[in-house]
Each structure stands twice: as structure tokens, then as C-alpha cells.
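> If you read the protein sequences in the order shown, they are chains A and R.
In this text, residue positions in the first sequence follow this note's numbering: the first is 1, and each later residue adds one.
In this text, residue positions in the second sequence follow this note's numbering: the first is 1001, and each later residue adds one.
We put the CB at the ideal spot given by N, CA and C, even for glycine.
Protein chains: 2
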Amino acid sequence: MAGDERKLQILRVAVSLFSQRGFRGTTTKEIAQAAGVSEAMVFRHFANKEELYNAILDHKACSGDAVDPERMVADALKKKDDRAVFEGLAFGALEHHERDPEFQRLLMYSALEGHELAEMFFEKFVRRVYEFLGNYISERQHDGAFIKIDSAIVVRAFIGMIIHHSLNNNLWDPRRRLLGISNKNAAKHFTDILLNGISSGRRPKQASKSGRRSNGSSNTRKQ
Amino acid sequence: MAGDERKLQILRVAVSLFSQRGFRGTTTKEIAQAAGVSEAMVFRHFANKEELYNAILDHKACSGDAVDPERMVADALKKKDDRAVFEGLAFGALEHHERDPEFQRLLMYSALEGHELAEMFFEKFVRRVYEFLGNYISERQHDGAFIKIDSAIVVRAFIGMIIHHSLNNNLWDPRRRLLGISNKNAAKHFTDILLNGISSGRRPKQASKSGRRSNGSSNTRKQ
DNA sequence: CGCGATGGTAAGTAAGCACTTACTTTGGGC
DNA sequence: GCCCAAAGTAAGTGCTTACTTACCATCGCG
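#1: Run down chain A in chain order and give the residues with a C-beta less than 9 Å from the C-beta of H1164/R.
#2: In angstroms with no decimal places, state the Cα-to-Cα distance between G1134/R and E1113/R.
#3: Which residues in chain R sit within 7 Å of H189/A, going by Cβ to Cβ distance?
#4: Quick one: what does DSSP say S1166/R is sitting in, helix, strand or coil?
#5: Please report whether the beta-carbon of F122/A lies at a distance below 8 Å from any beta-carbon of chain R.
#6: Going along chain R in order, which residues have a C-beta closer than 8 Å to the C-beta of A128/A?
#7: Could you check whether the Cβ of N196/A sits closer than 8 Å to any Cβ belonging to chain R?
#8: May I ask you to report which of helix, strand or coil DSSP gives P1204/R?
#9: Bridge partners for S1199/R per DSSP, in chain order?
#10: Taking only three categories from DSSP, how would you classify T1028/R?
#11: Could you say which of G1025/R, I1031/R and V1037/R lies nearest to G1003/R if we only look at CA atoms?
#12: Please confirm if I1181/R has its CB atom under 8 Å from at least one CB of chain A.
#13: Between K188/A and the rest of its own chain, which residues show a CB-CB distance below 7 Å, the 5 nearest in sequence each way excluded?
#14: Nearest-angstrom Cα distance between F103/A and K79/A?
#15: Pop quiz: H1164/R and I163/A are said to be a contact at Cβ under 8 Å. What is the actual Cβ separation, rounded to whole angstroms?
#16: How long is the line joining the alpha carbons of L194/A and M1/A, rounded to whole angstroms?
#17: Going by the beta-carbon positions, is the gap between S199/A and A157/A smaller than 8 Å?
#18: Would you call the segment 15-22 of chain A in contact with the segment 1007-1027 of chain R, where contact means no fewer than 3 C-beta pairs closer than 8 Å?
#19: Within its chain, find whatever has a CB closer than 6 Å to the CB of F190/A; leave out the 5 residues flanking it on each side and keep chain order.
#20: In its own chain, which residues sit with a C-beta less than 8 Å from the C-beta of L1017/R, not counting the 5 before and 5 after it?
#21: Could you tell me whether any Cβ in chain R is nearer than 8 Å to the Cβ of I31/A?
#22: Closest to D68/A by C-alpha separation, out of E123/A, S166/A and R128/A, would be which residue?
#23: On the three-state DSSP scale, how would you describe R1221/R?
#24: Going by the CB atoms, is the gap between E119/A and N54/A shorter than 8 Å?
#25: Assuming L171/A contacts R99/A under a Cβ cut-off of 8 Å, what Cβ separation, rounded to an integer in Å, is found between them?
#26: Report the residue from L8/A, V85/A, L94/A and D81/A whose alpha carbon sits nearest the alpha carbon of C62/A.
#27: Restricting to Cα atoms, I'd like to know which of V1015/R, R1006/R, D1075/R and A1084/R is closest to E1050/R.
#28: Could you say which of F122/A, K124/A, E5/A and V154/A lies nearest to I137/A if we only look at CA atoms?
#29: Report the residues of the segment 8-30 of chain A with a CB closer than 8 Å to any CB of chain R, ordered along the chain.
#30: In chain A, which residues lie less than 9 Å from L1052/R when you measure between Cβ atoms?
#31: Evaluate A1040/R with the Cβ neighbour count: other Cβ atoms within 10 Å of its Cβ, from every protein chain shown; 16 or more gives buried, anything less gives exposed.
#32: Use the C-beta contact count for A152/A: other C-beta atoms within 10 angstroms, 16 or more gives buried, fewer gives exposed.
#33: Label D1192/R either buried or exposed according to how many other C-beta atoms from any shown protein chain fall within 10 Å of its C-beta, with 16 as the threshold for buried.
#34: Counting only beta-carbon separations shorter than 8 Å, does A1111/R have a partner in chain A?
#35: How would you list, in chain order, the residues of chain R whose beta-carbon sits under 9 Å from the beta-carbon of R105/A?
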């Protein structure tokens, strides 16, 4: 196998293991075994374990995975289609986390263990979401569409619903014992709550066509 | 130092270290040193590292820390004072997480590392919150006070705002770069958004006395 | 053919790990 | 004052860890 090929393969295997067990909990031997090579090969491609971990950063940033949430809802932003903005962001994030659950674990471990990866993600991603979404909300407040409230609080509330839901699905309750709904439904209902929560004036009380028999332990399953 | 005293001290030190570095990342030597005793003493009181970790469970459950969120807002529930119910829960949780930030880290590590502690917390705490809060919401929907929507989704949305906010304060953004508000304000605004979001009929558009100059990067500091 | 760059390994090494053993100190009751 | 249990330790044990060294194998190329 060619050098660069092997290097990438080791990195991918490492990402998977680091996301499962964290940096401290993953041994270089495990990584080598999972990649089907000897430990020495790992250290030929990466000077040490730390460098292997840091290489994830560049890989995740450079490879196609880098999502730009602002561009994802760019036209909705231009059209001031609030529902499309928030639901689009929510759905995009939920789908992303479902497709790549490893990444969320990796980030959580990274934050807990205090690695650069978490800090970088925060700076390059989270911060920007707060900025552009906060600005959009401010704009709509100026339009009189939203009530007056610190836009950062609104962003936190909305991101909170989404991230917490993903964290539940990926980490705490993967069997969906508490709540099992499709990402589309989740995005829709979170958006409903938020937009109703911050919209000013008369609101188009939605017909609740998906309003459900609502007892506390209902467990909507998708499909 | 008496046996039980020392045992408790070792346990407390262990909780602190486990919360900082996780189970795998904490060595028994470190625990012993932090407790000011030799490693052998740790193993006199706890058969092995795993048992020491599991002892945290009993300790956290038995000691006064065990909060019953349902009882905390019991009279608000009885009076059907929606605002008091949600704001009380939010404020209680936020204060608890601020006073004992170790616990949230411990839980996150526990969930990632797949320990019993996380599972137990989920079963004994999270599940019950979803149940009683879900039931309350269903009741209020039946009263016609809230719109029709799966109550579990509402619970998830609200818990999401709170937990995500605490997680930001404790883990991702302890310096409050994105949002620095008092727990009281956070609880109030999250409750505003949620109650506006799910209340049916005419709503008492709150006067927004605390509505703030709202630009995207505002950074309200408490005090 | 030869030969050097490249992909790969077996077998280390020193430090660190959870856990043990064999021993010393201490303090309260008779 | 003596005794013994309980509190405490120094110095291991065997295993694992991150990382190294010294060596093979295969291939393209003159």
C-alpha cells in the first residue's frame, strides 16, 4: 500500500478509536492493530500519538466534511424566510450528527480532555454560527418580526435544542427510549417552538397537522 | 485519621480527579497523592479502581446532593403556574451545575466511557424529569393552555436549552465569550421562549423590560 | 543484475500502570 | 506499661504504554 494511502487509513482508524475511547483511552497498539499494521508503521507516519491526534484537525478541516452552515441557508437568509433559516439549520445539523456520530463524541472527548481540536472547532465553527445567526435575529428584530431579546440568548436556546437532541441520540439514549422522532420532525418542531417563542404580533398558529396524541411517554418512531 | 473519614476523603478527591481527566485518564497514584496518602491506602479502602469509581454512584445518590426536581417545583405544579414550573426548574438546574461543575464533567465522561454512573443517572433522574414534566405539559394541553405537540419534544427542547447552556458555561466557553448572563436571566428568557413557543391563544406579550440592546455579539455579564 | 528507495516488521526499552506484600507506627483499653 | 487492632508505608510485581532500533522484502530502474 502506498504511503499516503496508508497514512490516511491509519488516521481514519485513529479517529474512530479516539472517538470511542478518547485520547488517553486509546493505545497506539490498538490503532495499529485496527489498521492491520505494526505499531512501528504508525510512528513512521506520525511522530507521536499527539501529532496523530492533531492531524485529525487538518483532516477534518480540509476534507469535504467542512460544512458552512451560513451558506447552507444562504438564500433563506436573503429571503428572510425565518422558518427556512431555522429549520434548515436544525435539519442540517441533525442529519450531519446522525451521519457522522463519531465526530460529536470526538469533540466531546476533546473538550473534556482539553485538546486543541475542541478549541479550534469552537473558534472556527460555533463562534461563526453565533455571529451570523445572531445578526440575522437582530435584523429581524429590527424589522419588527421578532420580540426584543438578546439575540445571543435565542441562538443559545435554539442550538441547545439541536445539540442536546443529537447528544441524546448519539450518546445518552441511542435506543430512543425517551424520544424517537425523525430529524425532519425534530427540526420542524424545534423551529415551531422557537419561532412562536420569539415572533412578535399575531402569529399563524400552525394547524398542528402533526400535533400528536400527547402523553408524556409517547415514543414516536421514524418510518 | 479515622477509617471512614479517610475513605470519604479519598472518594472526594477521586471524584474531582475523575471529573477532570476521566476514568482512564486518572491514575490511582494521582488519587493517592492528591489525598496525601500512599497508593496502598487507596486499595485498602477500595478493592480496585473500578470499585472506587462505582462508589461515587452511591455517594452521590445518598449524600444530600440528590435533588428531586419534581419536589422542587411541587407547589408550582399544583397551582399550574407554568412560568414558576419552568423557570424554577431551569434556575435550579443552572444553579446546581454552577455550584458543582465537576458533576457535569463526571457525567459526560461517564457517558462517553460507558460507565454505569451515566446509565444510572439517566434512569433515576433524566427519565423521571421527562415523565413528570411531560405529564404536566400533557395536562396543560388538555386544559387548552398549550398547543398540541408531542410533550416529549417540548421537554427535550427545554432541557436542551438548559443543559446546553450549562455545558457551554462549564466546558466549552467558561470565559463566557459567546454569552454571559446570570442564571436568573437565563432561566427567565429560556422560559419566555418556551412558554411563548407552546402557549395557545392570546398571550401576555411580556413587556420585555429586560429586552436588551440586541446585537449578535452582545455579552451580558452578570453582577 | 544490482541497488537504493520504499513499505513493513519483530523485538526491543524505559517508564508508567494497577495492584500486592511485608513491614512500621500509633493510640485507646485493660 | 503492654498489647493489638487499625492507620499507614516502602518497595516491590507483572503487565502495558509510547516509542525505538535494527533488520527484512519488494519494487522500479539503470
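Taking the structure as given:
#1: Counting only Cβ-Cβ distances below 9 Å, H1164/R has contacts in chain A at R156, A157, I159, G160, M161, I162, I163, H164 and L167, in chain order.
#2: One C-alpha to the other measures close to 29 Å.
#3: At a beta-carbon threshold of 7 Å, the residues of chain R lying near H189/A are I1149 and I1153, ordered along the chain.
#4: Annotated three-state conformation of S1166/R is helix, per DSSP.
#5: Cβ-Cβ to chain R under 8 Å: yes for F122/A.
#6: In the sequence as presented, Ala is not what sits at residue 128/A; that position holds Arg. Within chain R, not a single residue places a beta-carbon under 8 Å from that of R128/A; the smallest gap is close to 11 Å.
#7: By this cut-off, N196/A is an interface position.
#8: The predicted position of P1204/R is uncertain, since its pLDDT is 47 and thus under 50; no value can be drawn from it.
#9: Residue pairing from DSSP places S1199/R in a beta bridge opposite F1146/R.
#10: Secondary structure of T1028/R (DSSP, three-state): helix.
#11: The shortest C-alpha separation from G1003/R is found at V1037/R.
#12: Chain A has a Cβ within less than 8 Å of the Cβ of I1181/R.
#13: Excluding positions up to five away in sequence, the list reads E87.
#14: Roughly 32 Å between the two C-alpha positions.
#15: Yes, they are in contact, since the Cβ atoms of H1164/R and I163/A sit about 5 Å apart, within 8 Å.
#16: Inter-residue distance for L194/A and M1/A is about 52 Å (C-alpha atoms, whole angstroms).
#17: Taking the C-beta atoms as reference points, A157/A is found no nearer than 8 Å to S199/A.
#18: Between the segment 15-22 of chain A and the segment 1007-1027 of chain R, the count of Cβ pairs shorter than 8 Å is three or higher; the stretches touch.
#19: Apart from the 5 residues on each side of it in sequence, F190/A sits with its Cβ closer than 6 Å to the Cβ of A90 and M161 in its chain, given in chain order.
#20: Here the set comprises T1026, E1030, I1031 and A1034.
#21: With 8 Å as the cut-off, I31/A does not count as an interface residue toward chain R.
#22: When only C-alpha atoms are compared, the closest one is R128/A.
#23: Note on R1221/R: pLDDT 42, under 50, position unreliable in the model; no value is reported.
#24: No, they are not a contact pair.
#25: The Cβ separation is near 16 Å, so there is no contact.
#26: C62/A has its Cα closest to that of L8/A, out of L8/A, V85/A, L94/A and D81/A.
#27: It is V1015/R.
#28: Here the closest residue by C-alpha is V154/A.
#29: Cβ contacts with chain R come from R21, G22, R24 and G25.
#30: Simply none; closest approach about 17 Å.
#31: Under this definition A1040/R is an exposed residue.
#32: With 16 or more Cβ atoms within 10 Å of its Cβ, A152/A is classed as buried.
#33: Residue burial is scored here from C-beta neighbours: D1192/R has at least 16 other C-beta atoms within 10 angstroms and is therefore classed as buried.
#34: The C-beta of A1111/R comes closer than 8 Å to at least one C-beta of chain A.
#35: For R105/A, the C-beta contacts it makes with chain R under 9 Å involve L1112, in order along the chain.
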